[in-house]
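Student: Chains as they are written, first to last, in this note's numbering: chain A, 2 to 100; chain B, 8 to 607; chain C, 35 to 558.
C-beta: ideal position from N, C-alpha, C; glycine also.
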Amino acid sequence: MTLTGCITLAAALLCIGIYGLVTRKQAVAMLLSVELMANSANILFAAFAHFRGGASAQVFVLFALAITVAEVAVGLALVMLIYRRHGDTTLDLASEAKQ
Amino acid sequence: MTPVTLALVATFAPAVAALLLLIVFPLRHKGAPAAWICLLGSVVSLGAALKLLVDRLGGAGDTRVTAPWIMENGRAMAEMGVLIDGVSLPMLVIVGVVALCVQLFSVAYMHDEAPRAFGRYFTLHALFLFSMNVVVISPNLLQLFAGWELVGLTSYLLIGFYFAKPSAAKAAVKAFWMTKLADMGFLFGLLVLYVFTGGFEWTSQPTTLVATWVTALLFVAVIGKSAQFPLHIWLPDAMEGPTPVSALLHAATMVAAGVFLVVRADPLFALAPGTREVMLWIGSVTALFAACLALVQSDIKKVLAYSTASQLGYMVAALGAGNAFAGFFHLGTHAFFKALLFLAAGSVIHAVHSNSLEDMGGLRKKLPLTTVAFGIGALSLAGFPGFAGFFSKDLVLTSLEGKGNWIPWTMLMGSAFLTAFYMGRVLIKAFGGELSEKSAHAHEGGPAMTGPLVILAIPALASGFLGGWIGTQMHHAHELHFLALTPVVASSMSLIGLTAAWFVFRNGGKAPFAGTLERLDAFSLVDKTWAAGYQVGLLGISGIAGWIDRYLVDGLMNFGAWSTLEGGESARRLQTGRVRDYALMVVAGVVVLALIGVLR
Amino acid sequence: MNHLLSITIAAPAIAAAVLIFVPNSNRVAVRMISVVGAAISLVTSIWVAFLYDRALGGFQLLETFPLVPSMGIHLKFAVDGWGVPLLLLTGVILFTGVITSWTLAKRDKEFFMLTLLLVAGVFGVFVSQDLFVFFLFYEIAVLPMYLLIGIWGSSHKVEPSGPFKFVWKRFEVGSREYAAMKLTLMLLVGSAAIMVAMFLLWVNSGAKTFDLQVLEATRFPISVQHVIFPLVWLGFGTLAGVFPFHTWSPDGHASAPTAVSMIHAGVLMKLGAFGVLRVGMVLVPDAAAIWAPLVGAVAVVNILYGALCAASQKDLKYIIAYSSVSHMGVVMLGIATMNAAGWNGAVYQMVAHGIMTGLFFALVGLVYERAHTRTIAKMGGFAHVMPVVAGFFTLACLSSLGLPGTAGFVAEFMVFAGAAKGVNWWWAIPGVLGAFVTAVYVLRAVKTIFWGPKPEGEYAHLTDARSTEWAAPLVLGSLLVIFGFYPRVLLDFIDVASQTNLKRLPAAVTAQVTPPAGEKVVAR
């Protein structure tokens, strides 16, 4: 496995994430897409740490994972609230701020 | 007391009276006390003026004192003060005498007014005398202008004295607007004088061009104030005011302020032969034109009003011919005999309760004293030999002799004939013939009415003999040659006019061309032109301006606000509220930024 | 007394603060506190006039308190010859305005609080020697107007017409909310321009200070001046009613309640003109000299156009409001002449117009309160039932048309003389014409409203001015006459300041307008 391969994988994951984010309507699916994008960044961190050496990047990955978990918790809580309010998890319904 | 103190007393005594009446309003509201306070002010004023006159006869010279009034860059831009000389002193006395007589007459004439109106009347009279004296004693043109506007104000308020009458209200406003329109000329003249000489002195010596501009602009104001063609139309309307007011303001003093201005500013006018030429013609045209119109008036006051315009035309013509003394002399005699005529007319109106000549007739039997007074005034006005008007009118006409002025001279001779003719008409219609229905119960007013008539009759008869003295005061060599061409023609005109009137009107006949003149009078082209100018010009343009402001200028502002709101509405559509769209925008933004980063 | 100026400013502000703690129901206490606050300012401003040494000139009664020293911002008060008459004017208008509002019923406490706060701002502008504080007070003076008009104002209808008819769908043109909003927005746009100019001055002064006296001593590069002057002119000019940014004024003044119209037209509009003079002409004189022809030309438009618009109005308050636009044009014309006569006349006109328009609005309010109409065509013969009002209204009209013997004449005459003396001498012509048009519309209004047969029906029982209503006409009316007959009461102050500030003008301008020595012909 080469560095180029890792970067390609990260880029692919990012693009899938973006694609999912803009095409999916379901809040859970969008949340998953965001996770994909976050993880593509994590992979980059890990890959660079592996090939270039140095521990700080590894620390970042662990840190980011922890934050992502917290972020997912908040995100899912929001999804729950939207579901309670609209009976659906389609995010387009949640456009009250526009009014 | 010094001459300055005396002049200030003469000026401010009526001002104090007016102020007292304005502030201590119970005095004004009670009526009678207002008359006494006003009369007291006038007596003090006249007394001071007479004391000055006595001092002058005792050999006192000219006095001029000024004080800074408006400051500019540490120096006085304009001054106020007192000037007592051969012009202001006689004028001060004339104004004082006529004003006092008129006020005394008013006490009886206005007796039936409500107390408040009576009080207001005398307050305004006191204010008028103050303003007029400000004009008379002014040492420079700016102060003259200030007084000039103030007399205009009192004139406006006194014409509108019967403000409940729409016609009086209209006449008052018309008089103010017409004179104010002309006064713009005065203001412009002052500005030109200020720019080129740095002051407002009539003794300054600007170049001929500047002097011509200044005097021409000043003369515009004279046209307005002294009711010259084509701004004369306010004067006949001004007869809506009480008759004594017409006597004082619109015959003897205020309208003569225009002539007084030219007499004062004579050094400037002397530098501007062009202006004088115009004055000569306008004066002559007014004299003849107004005399023609006086011939067909049925209202006794309007006859006198047109005759005033006509006589002012004589004065202006004399000034145009370069003889300030002749103009001023005629101003003086005219003040007396015209005030007398108006007061006598007031006495008649008071007795008959009508202004119309048709309602009068045979009054000589009921009002003998008034008849004599009116007769003296009429003969003086007609220039009957020996009366005051004869001397001054002769002097005016003589000053036009030669110099290629034969057309104006002829016009003035013609109006001299007409003057005698229309005064003869009034005399015969009002006092001659059989008693009319309305005249049957006429009777003379009390001494307050007849007294002023007697007092004024004396100078109307005899003031012509004072010409020599006034002439020396004005440093003018005054000689009358009674056997020269002009006096002979003029006195024959007067006699012919009176005789013709006797033959034409004795049996209730009409003047030749009366129909034409009446149609001319009724059509009143000048009046209509000004009215059209006001309606179409001023109100029309102002209507357009108002519309533009509301719907274009302000509309543009509103449009600005509207487009802000509309723009916001449009921009709002970009905010869909959908998370996916925002995400797409974020991504697009990142891509664009990345591209910029890569391409740079 | 060293703190006279701060007391003048603080008195109304403290009165407003005290009012917070007074219960709404205690109407007498509310009024007494307001009057005391106003009276203290009036007395101290008169005192200032007595203490100011005219022979010495310059800025006097200096007080300094540091505010933000690191930015060079100080609470610095001092007064010069221009400030003294304007302080007096503000004191008089505030005092009479408060008394005029005596009978106000709706939310009176809040009304007095806002009014007092506003005037504290006005006082502050006239004495501030620090540009930042100047601007701060300026905003304090402008902003309460939104509430004062929005809450206590009156509405009327404007028929939709013209090419911009479609905007009526969005705005209720003519309503008090519309008027309040328009006034506030337009003035705030002006403020934004002033703020930019202010910071440009700060940045370019080198000293990083807002101190006006330091800024005055600085000669800014001409390129900077060229940016600053138009910003100052239009920024402050909006408040002074400079064409075409005057349109807030008719609607605003017509909608505002009586006392607010008095204060707004009487003193607030003067802040704008004062700003142009104080900041524009004095701080950036080189650019001002170049822009002056435009300033003067626009001022002339103001005079004549404002007068013509006034002549076409049917609503009494609109007539007076447009006359303010016209008369503020005279002030701006005086400023643009850049000579002593013009500047003296401009400041004098600020005072004369302030008093006159205060009197006008007080009387219009009085008539409106009784007749419940402002349409002049519906009135007539009111002089029979309210002779005192008629008399004072006529007096105000006379000052408006510039009759000698009233303050208006002195001011207008000086301005026109200054204009005639300058390069653009033709400015005097439309100026004088405007005065004539004024004569036409004010006297027509007098004739329609007060003259004519005795009113019948609903107007038969109108009453004349009573008790507190006498205050404004008496005080303002007599001041008009006093200042008309003896202008040196104020002119001696004004002239001192004009002399000092004229020295800052570029030599080219001064040479153009001063007649060569010896040209003045001395009378015999």
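Quick check: the Cα distance between Y86(C) and Q94(C), rounded to an integer number of angstroms?
Tutor: Taking the third sequence and counting its residues from 1, the one referred to as residue 86(C) is at position 52. Taking the third sequence and counting its residues from 1, the one referred to as residue 94(C) is at position 60. When rounded, the distance between both Cα atoms is 7 Å.
Student: So G486(C) and G425(C) are in contact, right, with Cβ under 8 Å, and what is the actual spacing, rounded?
Tutor: Here residue 486(C) refers to the residue found at position 452 of the third sequence. Here residue 425(C) refers to the residue found at position 391 of the third sequence. Incorrect: roughly 16 Å between the Cβ atoms, too far for contact.
Student: What's the gap between the Cα of P319(C) and the Cα of S406(B)?
Tutor: Reading the third sequence from its first residue, position 285 is the one you call residue 319(C). Reading the second sequence from its first residue, position 399 is the one you call residue 406(B). In a straight line, the C-alpha of P319(C) is about 58 Å away from that of S406(B).
Student: What distance in whole Å lies between the Cβ atoms of G504(B) and A427(B), which are believed to be in contact at a cut-off of 8 Å?
Tutor: What you label residue 427(B) is simply residue 420 of the second sequence in a count that begins at 1. What you label residue 504(B) is simply residue 497 of the second sequence in a count that begins at 1. Their Cβ separation, rounded to whole angstroms, is 3 Å, which keeps A427(B) and G504(B) in contact under 8 Å.
Student: What does a CB cutoff of less than 6 Å around A228(B) pick up in its chain, not counting 5 residues either side in sequence?
Tutor: Here residue 228(B) corresponds to residue number 221 of the second sequence, with the count starting at 1. The residues are A189, D190, G192 and F193.
Student: Name, please, each residue of chain C whose Cβ falls closer than 7 Å to the Cβ of P173(B).
Tutor: Looking up residue 173(B) in the second sequence gives position 166. Result: G486.
Student: Can you pull out the residues from the stretch 221-244 of chain B whose beta carbon lies closer than 8 Å to at least one beta carbon of chain C?
Tutor: Residues: none.
Student: Three or more beta-carbon pairs under 8 Å between the stretch 576-587 of chain B and the stretch 20-35 of chain A, yes or no?
Tutor: Contact holds: three or more Cβ-Cβ distances are below 8 Å.
Student: Relative to the C-alpha of L328(C), which residue among Y356(C), I354(C) and G363(C) is closest?
Tutor: Your numbering for residue 328(C) matches position 294 in the third sequence. Nearest of Y356(C), I354(C) and G363(C) to L328(C), Cα basis: G363(C).
Student: Any beta-carbon of chain C closer than 8 Å to the one on N514(B)?
Tutor: The residue you call residue 514(B) lines up with position 507 of the second sequence. Not an interface residue.
Student: Of the choices S188(C), G314(C) and I41(C), whose alpha-carbon is the least far from that of K140(C)?
Tutor: Here residue 140(C) is taken as the residue at index 106 of the third sequence, counted from 1. Taking only the C-alpha atoms, the option nearest K140(C) is S188(C).
Student: Using a C-beta to C-beta distance shorter than 7 Å, which residues of chain C count as neighbours of G438(B)?
Tutor: Here residue 438(B) refers to the residue found at position 431 when the second sequence is read from its first residue. Correcting the residue identity first, residue 438(B) is Phe in this sequence and not Gly. None at all; the shortest Cβ gap to chain C is about 36 Å.
Student: Could you list the residues in the stretch 141-169 of chain C with a C-beta less than 9 Å from some C-beta on chain B, going in chain order?
Tutor: So nothing in the stretch comes that close.
Student: In chain B, which residues lie less than 8 Å from L92(A) when you measure between Cβ atoms?
Tutor: The residue you call residue 92(A) lines up with position 91 of the first sequence. Chain B residues near L92(A): R585, V586 and R587.
Student: Look at the alpha carbon of L572(B) and the alpha carbon of N565(B), and state the distance between them as a whole number of angstroms.
Tutor: Residue mapping note: residue 572(B) aligns to position 565 of the second sequence, counting from 1. Residue mapping note: residue 565(B) aligns to position 558 of the second sequence, counting from 1. Their backbone Cα atoms lie some 11 Å apart in a straight line.
Student: Residues of chain A with CB under 7 Å from L591(B), in chain order?
Tutor: For the purposes of this step, residue 591(B) is taken as residue 584 along the second sequence, with counting starting at 1. Residues of chain A passing the Cβ test: V23.
Student: Determine whether the Cβ of P537(C) lies closer than 8 Å to any Cβ atom of chain B.
Tutor: Position 503 of the third sequence holds residue 537(C). Position check: residue 537(C) holds Lys in this sequence, whereas Pro was assumed. Not closer than 8 Å to any Cβ of chain B, the Cβ of K537(C) fails to qualify, so no.
Student: With a threshold of 8 Å, are at least 3 pairs of Cβ atoms found where one atom belongs to the stretch 212-227 of chain C and the other to the stretch 588-605 of chain B?
Tutor: With the cut-off at 8 Å, the stretch 212-227 of chain C and the stretch 588-605 of chain B do not touch.
Student: Can you tell me the Cβ-Cβ gap for Y128(B) and F168(B), rounded? I've got them flagged as a contact below 8 Å.
Tutor: Looking up residue 128(B) in the second sequence gives position 121. Looking up residue 168(B) in the second sequence gives position 161. Y128(B) to F168(B), Cβ: 6 Å. Contact.
Student: V594(B) versus chain A: which residues are under 9 Å apart at the beta carbon?
Tutor: Taking the second sequence and counting its residues from 1, the one referred to as residue 594(B) is at position 587. I19, L22 and V23, listed in chain order.
Student: Could you tell me the distance, in whole angstroms, from the CA atom of R557(B) to the CA atom of M220(C)?
Tutor: Here residue 557(B) corresponds to residue number 550 of the second sequence, with the count starting at 1. Here residue 220(C) corresponds to residue number 186 of the third sequence, with the count starting at 1. Rounded to the nearest angstrom, the two C-alpha atoms are 16 Å apart.
Student: Give a yes or no on whether the minimum CB-CB distance between M31(A) and chain B is below 8 Å.
Tutor: Mapped onto the first sequence, residue 31(A) falls at position 30. Chain B contact via Cβ: present.
Student: Am I right that L182(C) and V153(C) are in contact with their C-beta atoms under 8 Å? What's the rounded C-beta distance?
Tutor: Position 148 of the third sequence, counting from 1, holds the residue named residue 182(C). Position 119 of the third sequence, counting from 1, holds the residue named residue 153(C). No, L182(C) and V153(C) are not in contact; Cβ-Cβ is about 11 Å, not under 8 Å.
Student: Take the Cβ of E553(C) as the centre, count every other Cβ of all protein chains shown within 10 Å, and call the residue buried at 16 or more, exposed below.
Tutor: The residue labelled residue 553(C) in the question sits at position 519 within the third sequence. For E553(C), the predicted model reports a pLDDT of 43, less than 50, meaning its position is unreliable; a value from the coordinates is still stated below. So E553(C) counts as exposed.
Student: Check each candidate in M261(B), E79(B), F391(B) and F125(B) and name the one with the smallest Cα separation from P521(C).
Tutor: Walking along the third sequence from the start, residue 521(C) turns up at place 487. The candidate whose alpha carbon is nearest that of P521(C) is E79(B).
Student: Which residues in the same chain as G88(A) place their Cβ atom closer than 6 Å to its Cβ, once the five residues preceding and following it in sequence are excluded?
Tutor: Here residue 88(A) refers to the residue found at position 87 when the first sequence is read from its first residue. Excluding sequence neighbours, G88(A) sits near nothing in its chain.
Student: Take M31(A) and list the residues in its own chain whose beta-carbon comes closer than 8 Å to its own, dropping the five residues that flank it on each side.
Tutor: Counting from 1 along the first sequence, the entry for residue 31(A) is found at position 30. Answer for M31(A): G21, L22, R25 and L92, listed in chain order.
Student: With distances taken from CA atoms, which of L26(B), M246(B), L268(B) and A316(B) is nearest P237(B)?
Tutor: Within the second sequence, the letter at position 230 stands for residue 237(B). Selected option, being the one with the closest Cα: A316(B).
Student: Under 7 Å between beta-carbons, which chain B residues line up against S41(A)? List them in chain order, please.
Tutor: Here residue 41(A) corresponds to residue number 40 of the first sequence, with the count starting at 1. Chain B residues near S41(A): none, gap ~13 Å exceeds 7 Å.
Student: Quick test of the definition: if touching needs 3 or more C-beta pairs under 8 Å, does the stretch 251-262 of chain B touch the stretch 106-125 of chain B?
Tutor: Yes, since at least three Cβ pairs between the stretch 251-262 of chain B and the stretch 106-125 of chain B fall closer than 8 Å, the two stretches touch.
Student: Out of V523(C), F160(C), L539(C) and F519(C), point me to the one whose CA is closest to Q150(B)'s CA.
Tutor: Here residue 150(B) refers to the residue found at position 143 of the second sequence. Among V523(C), F160(C), L539(C) and F519(C), the Cα nearest to that of Q150(B) belongs to F519(C).
Student: For L13(B), count neighbouring C-beta atoms within 10 Å of its own C-beta (all shown protein chains included) and say buried if the count is 16 or more, exposed if not.
Tutor: Position 6 of the second sequence, counted from the first residue, corresponds to residue 13(B). Buried, by the Cβ-count rule.
Student: Give a yes or no on whether 8 Å exceeds the smallest Cβ distance from W459(C) to chain B.
Tutor: Taking the third sequence and counting its residues from 1, the one referred to as residue 459(C) is at position 425. Chain B, which has a Cβ nearer than 8 Å to the Cβ of W459(C), makes this yes.
Student: Taking only runs that begin and end inside the stretch 220-274 of chain B, name each unbroken beta strand (DSSP E) of 3 or more residues, in chain order.
Tutor: Listed in chain order, there is nothing to give.
Student: What did DSSP end up calling T78(C) once you bin it into helix, strand or coil?
Tutor: To locate residue 78(C), count along the third sequence from 1; it is residue 44. Of the three classes helix, strand and coil, the one that applies to T78(C) here is helix, per DSSP.
Student: Pairing CB atoms from the stretch 459-479 of chain B with CB atoms from the stretch 365-380 of chain B, are three or more of them under 8 Å?
Tutor: With a cut-off of 8 Å, the stretch 365-380 of chain B and the stretch 459-479 of chain B count as touching, because enough Cβ pairs lie within range.
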